[in-house]
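Chemist: Got a structure for you, written out below as structure tokens; questions coming shortly.
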Amino acid sequence: MKARILSFAFALIALFSFNNAFAQNLVVKQQPTATDLGKNLQICVDFAGLGNIDEVDITVYYTATVETGCINQGQAKKDGDQVPGLTQTLPGQSSTLTFDVRNGRTRGCQTLVTNFTPGECPSSNMTGTVSDVTFTNVYFTILGRRFDLPNPTPVR
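Sequence positions in the sequence shown follow mature numbering (1 follows the signal peptide of the UniProt record, and there is no 0) and run -23 to -1, 1 to 133.
In structure tokens form, the structure reads like this:
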């Protein structure tokens, strides 16, 4: 009886290990892309060979250059022109996106929504807003594999 239970336990372990190992056979169906949407970053992927899983995490790494626009109350009412504020470069940013998997394949686009704090304005009477974010050094990892992406072209 003990041998049967052990055999059953080993069979279950082997079964679940097979799915994880099978999920490592990642196939690139179409080259991944990144698009700069102004303040956000869109990642598009098409991978197969993911095995019998429902979803997969893609961790995106990037450097963000955050531009601040500054407006005082009079400008906001008059013409809305912004005075340039502090530009900050923030290396080492990362976020995780979860993609659905169907029949071992994931394909589609997701938008990485950023929420950066505006930099300082030249006057305390001004309110700072993030006017643009430029993304560079973009890459992501999926199931332990790294994919370097060209610097995204801004789409405005």
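By construction, the Cβ of each residue, glycine as well, lies at the ideal position given by its N, Cα and C atoms.
Remember, it's a predicted structure, so these values are computed and weren't measured experimentally.
Extract the residue ranges of the beta strand (DSSP E) inside the segment 38 to 117, only unbroken runs of 3 or more that lie entirely within it.
Modeler: Within the segment 38 to 117, complete beta strand (DSSP E) segments of at least 3 residues are found at 60 to 77 and 83 to 89, given in chain order.
Chemist: Distance, Cα to Cα, T73 vs E44?
Modeler: Counted from its first residue, the sequence shown places residue 73 at position 96. Counted from its first residue, the sequence shown places residue 44 at position 67. So the two alpha carbons sit approximately 23 Å from each other.
Chemist: In its own chain, which residues sit with a C-beta less than 6 Å from the C-beta of D13, not counting the 5 before and 5 after it?
Modeler: Here residue 13 is taken as the residue at index 36 of the sequence shown, counted from 1. Contacts found: F112, P129 and P131.
Chemist: Between N114 and G28, what straight-line distance do the alpha-carbon atoms span, to the nearest angstrom?
Modeler: Position 137 of the sequence shown, counted from the start, is the residue given in the question as residue 114. Position 51 of the sequence shown, counted from the start, is the residue given in the question as residue 28. So the alpha carbons of these two residues sit roughly 30 Å apart.
Chemist: Going by the beta-carbon positions, is the gap between V22 and T83 smaller than 8 Å?
Modeler: In the sequence shown, counting from the first residue as 1, residue 22 sits at position 45. In the sequence shown, counting from the first residue as 1, residue 83 sits at position 106. Contact flag set, yes.
Chemist: Helix, strand or coil for P9? Go by DSSP, reduced to three states.
Modeler: By 1-based counting over the sequence shown, the position of residue 9 is 32. Three-state DSSP puts P9 in a strand.
Chemist: I'd like the span of the beta strand (DSSP E) that includes I20, first residue to last.
Modeler: Residue mapping note: residue 20 aligns to position 43 of the sequence shown, counting from 1. Element bounds for I20: L18 to A25.
Chemist: To the nearest angstrom, report how far apart G15 and S108 are at their CA atoms.
Modeler: Counting from one through the sequence shown, the residue named residue 15 turns up at place 38. Counting from one through the sequence shown, the residue named residue 108 turns up at place 131. Their backbone Cα atoms lie some 8 Å apart in a straight line.
Chemist: Within this structure, are the beta carbons of T88 and N2 separated by less than 8 Å?
Modeler: As a working mapping, residue 88 is identified with position 111 in the sequence shown. As a working mapping, residue 2 is identified with position 25 in the sequence shown. Taking C-beta atoms as the reference points, T88 and N2 fail to come closer than 8 Å.
Chemist: Within a Cβ cutoff of 6 Å, which residues of the same chain sit near Q65, ignoring the five residues on either side of it in sequence?
Modeler: Mapped onto the sequence shown, residue 65 falls at position 88. Within the same chain, Q65 has close Cβ partners V43 and G96.
Chemist: Rounded to a whole number of angstroms, what is the C-alpha to C-alpha distance between P99 and G62?
Modeler: Here residue 99 refers to the residue found at position 122 of the sequence shown. Here residue 62 refers to the residue found at position 85 of the sequence shown. Taking the straight line from one Cα to the other gives about 7 Å.
Chemist: Alpha carbon to alpha carbon, how far is T40 from N102?
Modeler: Against the sequence shown, residue 40 aligns to sequence position 63. Against the sequence shown, residue 102 aligns to sequence position 125. One C-alpha to the other measures close to 30 Å.
Chemist: I'd like to confirm the pairing. Which residues does DSSP put opposite D125 in its beta bridges?
Modeler: Your numbering for residue 125 matches position 148 in the sequence shown. Bridge partners of D125: Y116.
Chemist: For D34, write down the residues that DSSP places opposite it in a beta bridge.
Modeler: Here residue 34 refers to the residue found at position 57 of the sequence shown. BP columns for D34 point to T75.
Chemist: Alpha carbons only, please: which of G105, R79, G69 and F93 is nearest the one belonging to F24?
Modeler: Mapped onto the sequence shown, residue 24 falls at position 47. Taking only the C-alpha atoms, the option nearest F24 is R79.
Chemist: Taking 7 Å as the limit between beta carbons, can you name the residues of its chain near T36, skipping five residues before and five after?
Modeler: If you number the sequence shown from 1, residue 36 lands on position 59. For T36, where only same-chain residues beyond five positions count, the Cβ hits under 7 Å are S71, T73, F117 and T118.
Chemist: Going by Cα to Cα distance, which pick from G46, N92 and T75 is closest to L67?
Modeler: By one-based count along the sequence shown, residue 67 stands at place 90. It is N92.
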